[in-house]
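Below is one structure; the comments refer to it alone.
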Amino acid sequence: MNAAPIHIAGERLMLDPAGVLHWPARRLLCVADLHLEKGSAFAARGRLVPPYDSRETLARLVPLLRRYRPRRVVFLGDSFHDRDGAARLPAQERAMLVQALNGAEAVWVAGNHDPVAPEGLPGQAVEAWAEGPLAFRHIPTPRATGEIAGHLHPKATAPTRAGGVCRPCFVTDARRVLMPAFGAYTGGLDIGDAAIASLFPRGGRSFLLGPERLYSFPLAGRGPVRTGAPDLFAEAP
């Protein structure tokens with residue numbers, strides 16, 4: 001996969017097409033909004049969906065942990081769909097995650113869905129994580145600088161000759177990175193929505209996730225640019 005380099009607060013970060021952020025200088029990997037055990041949470045409320053979301057999510061995450069071999073993994077909140085999600089995680093999936101984290105420090109940032117430490121998993125639970133000039137938190141804050149945040153599940157639609165392609169995406173400017181949601185059962189919020197657009201008043205760039213690479217297009221100060229057809233849908237460097 002071809003990751004795209006960006007610079008925030010003087011640090012070189014890599015955006016991976018799988019939806020994770022890598023900070024090579026610190027050997028840090030960041031992933032947002034896994035929402036593990038969302039299926040079982042729905043089932044408990046009578047909404048029966050296939051109970052394989054945690055398995056699918058971890059099947060995509062574990063190879064990334066093995067490839068990057070990070071010293072630290074920052075889970076950027078809503079790692080579980082509710083405060084009891086970690087306790088419901090099946091034994092096989094739990095063992096898969098614990099084994100993949102072997103040798104790395106896990107940092108579990110609190111989310112609005114999972115405000116407590118995950119039961120029975122290694123690592124430390126924090127409200128937010130500060131490292132060097134960067135701050136890792138679940139909910140983005142207005143006017144922040146050097147911020148890596150999740151929560152909003154950004155997605156964007158890019159024009160192509162075959163019609164619009166809607167994908168989860170990173171959203172960035174010189175001050176922050178808004179992370180895509182990683183979980184198998186996570187939806188998305190369009191980057192033109194005020195909750196996202198207001199975080200980027202001077203514009204920025206969106207990086208849509210693709211199978212092997214990211215695709216980038218600019219954001220105007222009041223939201224995404226949606227005209228220009230295929231030449232706007234450019235491969236990220």
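In UniProt numbering, the protein residues as written are 1 to 237. Cβ coordinates follow ideal geometry from the N, Cα and C atoms, glycine included.
- When secondary structure is reduced to three states using DSSP, Pro218 falls in the strand class.
- Note that the C-beta distance between Arg167 and Ala149 is not below 8 Å.
- Pairwise C-beta distances place the region 158-176 in contact with the region 194-212, as three or more of them are shorter than 8 Å.
- Remark: fewer than three beta-carbon pairs, one from each stretch, lie closer than 8 Å, so the region 36-48 and the region 171-180 are not flagged as touching.
- Nearest neighbour of Leu21 by Cα position, chosen from Ala184, Ala220, Leu178, Phe200, turns out to be Leu178.
- From the listed residues Pro201, Gly192, Thr186, Leu134, the smallest Cα separation to Gly19 is found for Thr186.
- When the five nearest sequence neighbours on each side are left out, the beta carbons in the same chain lying within less than 6 Å of the beta carbon of Leu199 are those of Pro140, in order along the chain.
- Inter-residue distance for Asn2 and Ala162 is about 24 Å (C-alpha atoms, whole angstroms).
- Taking all protein chains shown into account, Glu37 has 16 or more neighbouring C-beta atoms within 10 Å of its C-beta and is therefore buried.
- In the DSSP assignment, Met14 falls within the beta strand (DSSP E) that extends over 11-15.
- Comparing alpha carbon positions, the residue from Gly132, Pro51, Asp190, Val74 closest to Ala25 is Gly132.
- Val116 sits exposed, since fewer than 16 C-beta atoms from the chains shown fall within 10 Å of its C-beta.
- For Gly103, the number of other beta carbons within 10 angstroms of its own is below 16, and it is reported as exposed.
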